[in-house]
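First comes the structure, then the notes that go with it.
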Amino acid sequence: MIITKAKSDEEIKEVIQPFKKLVVVGCGTCATLCQTGGDEQVKAMVQKLTDWGKEVTGSIVIENPCDLRIDKRDLKRLGDAMANADAVIVMSCGVGVQTISQASDKITLAALDTVFIGEVERIGQFYEMCRACGDCILNETGGICPITRCAKHLLNGPCGGMNKEKCEVGTDKDCAWVLIWKRLKEQGREELFTKFREPRDYSIKAGPAEIIWK
Amino acid sequence: MGPITEVYSKLGESLKSGKWTWTGEIEPEKTTNLEEVIHTAKILAGHVVAANVTDNPQSFGCMNSLVPSYLIQKEAGLEAIWQVTCRDRNRLGLLSDILAAGNLGIKNILALTGDHTTSGDNPQSMPVFDLDSAQLVYMIKKIMAGHDLAGNEIENPPKFHIGVAGAPGAEPLEPEILKIERKIKVGGEFIQTQVVYDMEIAKRFLDAVKHLKVPTLIGICPLKSYKMAKWMDEFCPGIFVPPEILEDLKKIQDAPKEERRQKTDEWNLNFFEGWLKELKKTTSAAGCHIMAVGFEYIVADIVKLIK
Chain A
1 MIITKAKSDE EIKEVIQPFK KLVVVGCGTC ATLCQTGGDE QVKAMVQKLT
51 DWGKEVTGSI VIENPCDLRI DKRDLKRLGD AMANADAVIV MSCGVGVQTI
101 SQASDKITLA ALDTVFIGEV ERIGQFYEMC RACGDCILNE TGGICPITRC
151 AKHLLNGPCG GMNKEKCEVG TDKDCAWVLI WKRLKEQGRE ELFTKFREPR
201 DYSIKAGPAE IIWK
Chain B
1001 MGPITEVYSK LGESLKSGKW TWTGEIEPEK TTNLEEVIHT AKILAGHVVA
1051 ANVTDNPQSF GCMNSLVPSY LIQKEAGLEA IWQVTCRDRN RLGLLSDILA
1101 AGNLGIKNIL ALTGDHTTSG DNPQSMPVFD LDSAQLVYMI KKIMAGHDLA
1151 GNEIENPPKF HIGVAGAPGA EPLEPEILKI ERKIKVGGEF IQTQVVYDME
1201 IAKRFLDAVK HLKVPTLIGI CPLKSYKMAK WMDEFCPGIF VPPEILEDLK
1251 KIQDAPKEER RQKTDEWNLN FFEGWLKELK KTTSAAGCHI MAVGFEYIVA
1301 DIVKLIK
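Those protein sequences? They're chains A and B, same order as listed. Per our numbering, the first sequence runs over residues 1 to 214. Per our numbering, the second sequence runs over residues 1001 to 1307.
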C-alpha cells in the first residue's frame, strides 16, 4: 500500500489562497486505509475549506484515483461542480494527484505527502517495506528487504554501526541484516547470507520507469 | 585472498614480515589549512608505520582525505592509509578518486561503508551508498587488475594494499564475521578494528577471524578524560568501556589541570602496558591501530611500552 500523511493546515491554506471555488477528491483505496483521504477525511476537508471562506462546488471519493480511466469517468460525472471550480484539491498519493491532473484541465493541488510503500500493521502503524527498486532480492534474503530496511541499503551484510541488533540510524530500529541473518538461520539457509552480491545496476531505474505490453 | 603476497608499501612490508605493526590516525578538519595535519603527522612519524587519514569521520564534513594523505607522505614522510567511505560518492566518483590516489603515490586504502549522513553535521545530505564496503573492495581489486566495474579498460592501473574494518564489539558477532569474510574473499588484505578496551572482546574477535589468515590490527584509543571515556561508552556503537576504567578516570577528573594531565598520562601508560603485553603475548594480533586524535604526544610512549 502507498502510505500518505496529511499536509498541515498552514500549507493547505497557503496553496489554496489564490482560489475561490474548489472540488475535493479523495481516494477509495490506499488513502482510505491510511485515513488520510477517505470519506470522513474528505468531509472534514470540505468543512475546513468552507470555514476558511472557500466555496466547495463538489466532492467525491474516487475508488482508484491512480487509474486515468476511472478519473475521467468520475470527474465527468461531477459535471458543473468541476466546470465551475478554480482548482481540485486531491487527497491521495502523488500518483493520484498527477493522474487527476491529466484527467482534467483544472489546477490540481496535493493535500497529502506521499511517504512510502508500506505494510499496515494496524491503523496508524505503517512500516516501509519496498523501494520499488526493480530488481527484487527477497528470495535471497529470507523475505526481508535490505534495500528498504537497511538505512544504507547495503547488500553484503551489516555495517559497523550495528549495535546490539539495532541500526545506527534511529537506535530503536532493528538492523535489517541481523533480521536477515536470524531468518536465514532459522530456515537453514545460511549459505545465502554469505553470498557476495555485486553492485546493483541502477541503469534499470534511469528516468521515469514504464511498462508497456507489446 | 588471504595473506599479503606482493608488497607495495611499508605497511604491506611490515604486515607481510609478521613484525608487530603500529598504525596511527589523523583527522583533517573543516579548514583549508593543513598545518595541523602535517604537524600531527610529524609527531606520529617514526612511531607508527603508517597513519589512516579519515574520510569525513562521523559524517562531519571536512577536507577530503586524499589531499592530506598525499601531503603527509610528501611533507612528513609518513605513509598514508587513505580511508575511503561509500557514503559521499557513487562508483564514478570513487573510481576518479582511486585513480587520482594512484597518481599521488597512495599505496594503502581502508575501504569503509561510512557512518550514515544523519549522524553528522550536515544531516540533510543525501546518503549515497551506491556501493557497500565489500563491493568497494571488489571494485578496487578490479581497478588494480585494469578494469572498472563496467568492464572498461584502465590504463596504467594503480596498486594498493586494501584494508577492511572489523567491529569486535558487535552484538551479535557472527554476521559481522561473515561480512568480514566476504570482504577478505573479494580482496581485503588486512583488518583494522574499532576501539577495544576489554581484552576478552579482542580475544573473541581475533579467534573468530583467525581462519582468514590476514593480519589484524586491534584498535586502541588512549583516554584523555573521564568525560571522553563516558561519551565513548555511551555513544559509540560497539565500544564498551569497562566500569573499572570509568572509575579510575573519575577519580582523576577533579584534580587541578596539570596534575590531571600527568595522572591521565600515567593511567594510560599503566593500563596499556599490561594490556598490550597480554595482547602481544597471547593472541594472533598483528599489531595495533592507535587512534589518539588530539592526544598524539602519548603515542611515542605507548609504542615504547612493548618494544
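The beta carbon of each residue, even a glycine, is placed where N, CA and C say it ideally should be. Since the structure is predicted, the reported quantities are computational estimates derived from the model, not experimental observations.
Taking the continuous alpha helix (DSSP H) assigned at residue i, which residues delimit it?
i, result
"A/CYS30", "30 to 33"
"B/ASP1248", "1243 to 1252"
"B/ASN1103", "1091 to 1103"
"A/ALA44", "39 to 51"
"B/THR1023", "Unbroken run through B/THR1023 is the beta strand (DSSP E), 1021 to 1026; no alpha helix (DSSP H)."
"A/LYS21", "No alpha helix (DSSP H) holds A/LYS21; the beta strand (DSSP E) holding it covers 21 to 27."
"B/LEU1178", "1174 to 1185"
Determine the direct distance from the alpha carbon of residue j to that of residue i, and round the result to whole angstroms.
i, j, result
"B/SER1133", "B/ILE1184", "11 Å"
"A/GLU119", "B/VAL1137", "35 Å"
"B/PRO1003", "B/HIS1161", "11 Å"
"A/GLY58", "B/PHE1235", "55 Å"
"B/ALA1050", "A/MET129", "44 Å"
"B/GLN1262", "B/GLY1287", "27 Å"
"B/HIS1047", "B/ILE1109", "20 Å"
"B/ASP1097", "A/VAL169", "27 Å"
"B/GLU960", "B/HIS1147", "Residue 960 of chain B lies beyond the residue range present for chain B, which begins at 1001 and ends at 1307; the question has no answer from this structure."
"B/LEU1178", "B/GLU1006", "26 Å"
"B/LYS1281", "B/GLU1013", "22 Å"
"A/LYS54", "A/LEU22", "7 Å"
"B/ASP1055", "B/ILE1239", "20 Å"
"B/MET1001", "A/ASP201", "Residue placement at B/MET1001 is poorly supported in this model, since its pLDDT is 44, which falls under 50; the coordinates still yield a value, given next. For B/MET1001 and A/ASP201, the distance between alpha carbons rounds to 26 Å."
"A/LYS173", "A/LYS166", "6 Å"
"A/ILE107", "A/LYS72", "15 Å"
"B/LYS1159", "B/GLU1079", "15 Å"
"B/ILE1290", "B/GLU1278", "16 Å"
"A/THR50", "A/PHE116", "31 Å"
"B/GLU1247", "A/ALA31", "55 Å"
"B/THR1031", "A/ILE144", "42 Å"
"B/ALA1101", "B/PRO1256", "46 Å"
"B/ALA1111", "A/GLN17", "53 Å"
Any beta carbon of chain B sitting closer than 7 Å to that of residue i?
i, result
"A/PHE126", "no"
"A/PHE116", "no"
"A/GLY188", "no"
"A/LEU179", "no"
"A/VAL46", "no"
"A/VAL169", "yes"
"A/ILE28", "Going by the sequence as given, residue 28 of chain A is Gly instead of Ile. No, A/GLY28 lies away from the interface with chain B (no Cβ there is under 7 Å from its Cβ)."
"A/CYS133", "no"
"A/ALA111", "no"
"A/THR194", "yes"
"A/ALA176", "no"
Does any residue of chain A bring its CB to less than 7 Å from the CB of residue i?
i, result
"B/ARG1260", "no"
"B/MET1001", "Below a pLDDT of 50, predicted positions are generally treated as unreliable, and B/MET1001, at 44, falls in that range; the measurement from the model is reported next regardless. Not one chain A Cβ lies under 7 Å of B/MET1001."
"B/GLU1200", "no"
"B/GLN1192", "no"
Could you spell out the range, first to last residue, of the beta strand (DSSP E) harbouring residue i?
i, result
"A/THR108", "107 to 110"
"A/GLN187", "That residue, A/GLN187, is in no beta strand (DSSP E); it is neither H nor E in DSSP."
"A/MET91", "87 to 91"
Any idea if residue i is buried or exposed, counting beta-carbon neighbours within 10 angstroms, 16 or more meaning buried?
i, result
"A/TRP177", "buried"
"A/CYS175", "buried"
"A/CYS150", "buried"
"A/TRP213", "exposed"
"B/THR1222", "Looking at the sequence provided, one finds Pro at residue 1222 of chain B rather than Thr. The residue is buried, with at least 16 neighbouring Cβ atoms inside 10 Å."
"B/ARG1087", "buried"
"B/LEU1011", "buried"
"B/MET1139", "buried"
"A/MET162", "buried"
"A/ARG122", "exposed"
**Request:** Check whether the stretch 68 to 84 of chain A touches the stretch 42 to 53 of chain A, taking contact to mean three or more Cβ pairs, one atom from each stretch, closer than 8 Å.
**Result:** no
**Asked** Below 8 Å, can you find three or more Cβ-Cβ pairs linking the stretch 1022 to 1033 of chain B to the stretch 1059 to 1067 of chain B?
**Response** yes
**Request:** Take every Cβ of the stretch 1161 to 1174 of chain B, pair it with every Cβ of the stretch 1117 to 1124 of chain B, and state whether three or more of those distances are shorter than 8 Å.
**Result:** no
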